[in-house]
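Residue numbering for the sequence shown follows our numbering, beginning at 351 and increasing consecutively. For every residue, glycine included, the Cβ atom is placed at its ideal position computed from N, Cα and C. None of the values given here were measured: they were computed from a predicted structure. What follows is a short report on a single structure.
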Amino acid sequence: MLYPITTQTRTVQSLNGVWKFALENEATPNDVSTPLETKKSMSVPGSFNDQGVTRDIRMHVGYVWYEREFVVADSLLNERVVLRFDAATHEADVYVNGQFVVHHKGGFVPFEAEINEFINSGRNRVTVKLSNMIDYTSLPVGNYSETKDDEGNIVRKLSENFDFFNYAGLNRYVRIYTTPKTYISDITVTYDVDLDNLAADVKIAAEAEGDYDEVKVTILDEADQVVGEGNSDAAISLKDITLWQPLNAYLYKAKVELIKDGAVVDVYEEDFGIRTVEVKGTQFLINGKPFYFKGAGKHEDSFINGRGINEAYNVADLNIMRWMGANSFRTSHYPYSEEMMRLCDREGFVVIDECAAVGMFEGFSVDSASGMAAKSTWSVLDTKEAHEQAMYELIKRDKNHACVVMWSVMNEPDSAGPGSYEYFKSIFDYSRKLDPQNRPFAYVNFQICGVDKDVCMELSDVILLNRYFGWYWDTADFASAEAHLREDMAAWHAKFPDKPIMFCEYGADTVAGLHAIADIPFTEDYQVEYYKINSKVFDECDYFIGEQLWNFADFETKTGINRVQGNKKGVFTRGRDPKAAARWLRERWLNIPDFDYK
Ligand code: GCB
């Protein structure tokens, strides 16, 4: 799916700003044929929860309404006019001037619809009925129930089956863009690279609709010099290429033009980097060299905005990670904004791109993590359809990004209980066919489904582990934690001697400002010690290819007795102030090269 940009043939108009907002009153449903009656306002993009402030909005479960007016300039009404939502979390029905236009479920990917037949010259009205409900058929997975009160009203309850707050709303940008009636609908970038000779055969495959004779492709380098020309059917050979490298990005531009009778009818420009990715034995090769991942699992989470896009945070977060010596992160636990992916392409950050498959564990709870056991997850959940859709939409959106080096199909699923293997196999088989660049696919293993219980790891190209020795396990006993971690790593390596292992989570909750000498959990000192013992074991294992800690920054969660205004495992606070561990890790990571460490 193409990102909306302005070109000589296309325009983009923002619908961001303050919209009208209302909670759905189910006794007297909103009538979309008339303007929304409300005095409430809501900023878009942004989650509605913290903007709403009081409990009735913040904790609302069910439907909400957004509405605003817009005008499309008359000069554009003969173009193809498309209304695009970058993310409506989690499910939306969109109406224009009271008429139904499009429905989408899945709160972290874009969707769009042509609206020509619904709009008029002058003022128009866009209305969105949005649901924040998630259940056993959706991704992410939620525990949903409903009852009726004495007056017969539905009372909805929702408890996340995962450890982040269920921020919802029009979380990303809303735009109208125009294209000609004959237009480029998608572009897929693939290439064969000759690393020894720094040459590449690049295929820019365009899909288009309408009446055209040919698709012309021009490849430009960063100095805007033409380095290759051809069409969309055949590969274009490039010589003396500059590779996209971690933290040292280089982006080419593919200018794609639809030609009819010698004239350009549509033009789109897609930036792309050239790099190779390969899992070979116990190594993860980028551009043929063994890469070592240093970084974190993150969240899209900021004060007031909730999960709403915050580009200043995105820029700052990458700068903070660079300061720390990090080179990568995982989009835990859902696809991040397209702006973040584009930024990572530009900055050279390496991304493990995760779909919203989280909570796939019957009875998940952060209050009893070490005591949980796999049960009958795969007969309780009915997520296959949503999961395939999520992988399809994720890869369709992110396939051309050089920053994406691996797909994560699930975080901490039940990979031990009955039916796990069959479910995993079908998702892996389905997903692998979708990536035109054939990147590695993996899932992130839950400590509860350890090496003696997990039955799915043979399907994963890399062994991604979330491990909490010294936190949920062996709390305040670093000697045992270290020994158990060492045993765990050895056991995984013995079971899969030819697969690389990396950590996608390890961490300890830490309340900034607390200190103690004697290994007291929640103190900054404890967090530093925790990272020291983990790092020591990592360095003993030559098959260990990366450390992504949990979490980059403190973040909001549902309330619970194990969460103090959210999850405090950040090495930065929610406001991005460093805890002591951030400085300790900085010392470590600045001394670990991106390549050839293992
Ligand atoms: C995990 C989850 C993550 C939680 C984390 C924790 O394993 O993947 O979403 O936030 O543990 O802090 O418990």
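Check, Outcome
"Residues that residue 541 bridges to, as DSSP identifies them", "552"
"Where residue 653 falls, given that 16 or more other Cβ within 10 Å makes a residue buried", "exposed"
"Three-way DSSP call (helix, strand, coil) for residue 880 in this model", "helix"
"Three-state secondary structure assigned by DSSP to residue 376", "coil"
"Nearest to residue 628 (by Cα), restricted to the options 523, 836 and 543", "543"
"Three-way DSSP call (helix, strand, coil) for residue 484 in this model", "coil"
"Residue 586 - containing beta strand (DSSP E), residue span", "586-588"
"C-beta contact flag for residue 753 and residue 815 at 9 Å", "no"
"In DSSP terms, what residue 919 is bridged to", "Residue 919 is not bridged to any residue."
"Whether residue 946 touches residue 677 by CB criterion (9 Å)", "no"
"For residue 512, the three-state DSSP class (helix, strand or coil)", "coil"
"Option in 875, 887 and 811 with minimal Cα separation from residue 847", "811"
"Bridge partners - residue 420, DSSP secondary structure assignment", "474"
"Element boundaries [alpha helix (DSSP H), containing residue 770]", "770-782"
"Inter-stretch contact (C-beta, 8 Å, three-pair minimum) for the region 422-430 and the region 503-514", "no"
"Reduced DSSP category for residue 358 - H, G, I as helix; E, B as strand; rest coil", "coil"
"CB-CB length for residue 448 against residue 382, believed under 8 Å", "5 Å"
"Helix, strand or coil at residue 939 [DSSP, three-state]", "helix"
"Endpoints, alpha helix (DSSP H) assigned at residue 408", "405-408"
"Own chain residues within Cβ distance below 6 Å of residue 359, not counting five before or after", "530, 616 and 617"
"Residue(s) in a DSSP beta bridge with residue 570", "576 and 603"
"Contact test: residue 907 Cβ vs the ligand MN heavy atom, cutoff 8 Å", "For the structure depicted, the ligand MN is absent and the ligand set comprises only the ligand GCB."
"Heavy atom of the ligand GCB within 8 Å of residue 823 beta-carbon", "no"
"In chain order, each alpha helix (DSSP H) run of at least 4 residues that lies wholly inside the region 659-732", "661-674, 688-697 and 727-730"
"Cβ shell of residue 367 (< 8 Å), same chain only, five flanking positions each side left out", "393, 394 and 418"
"Residue 872, DSSP secondary structure in three states", "strand"
"Separation of residue 817 from residue 784, as counted between CA atoms", "30 Å"
"Which listed residue (388, 460 and 440) has its alpha carbon closest to that of residue 354", "460"
"Status (buried if at least 16 other CB within 10 Å, exposed otherwise) for residue 325", "Nothing can be reported for residue 325: it is not among the residues displayed for the chain, which extend from 351 to 948."
"For residue 619, the three-state DSSP class (helix, strand or coil)", "strand"
"Short Cβ contact (9 Å threshold) for residue 482 with residue 430", "no"
"Proximity test, residue 631 beta-carbon vs the ligand GCB heavy atom, cut-off 8 Å", "no"
"For residue 770 and residue 728, believed in contact at Cβ under 8 Å, the rounded distance", "6 Å"
"Test item: CB-CB of residue 761 and residue 801 under 9 Å", "no"
"The region 548-567 touching the region 511-520, judged by at least three CB pairs closer than 8 Å", "no"
"Spatial distance of residue 903 from residue 586 (CA atoms)", "43 Å"
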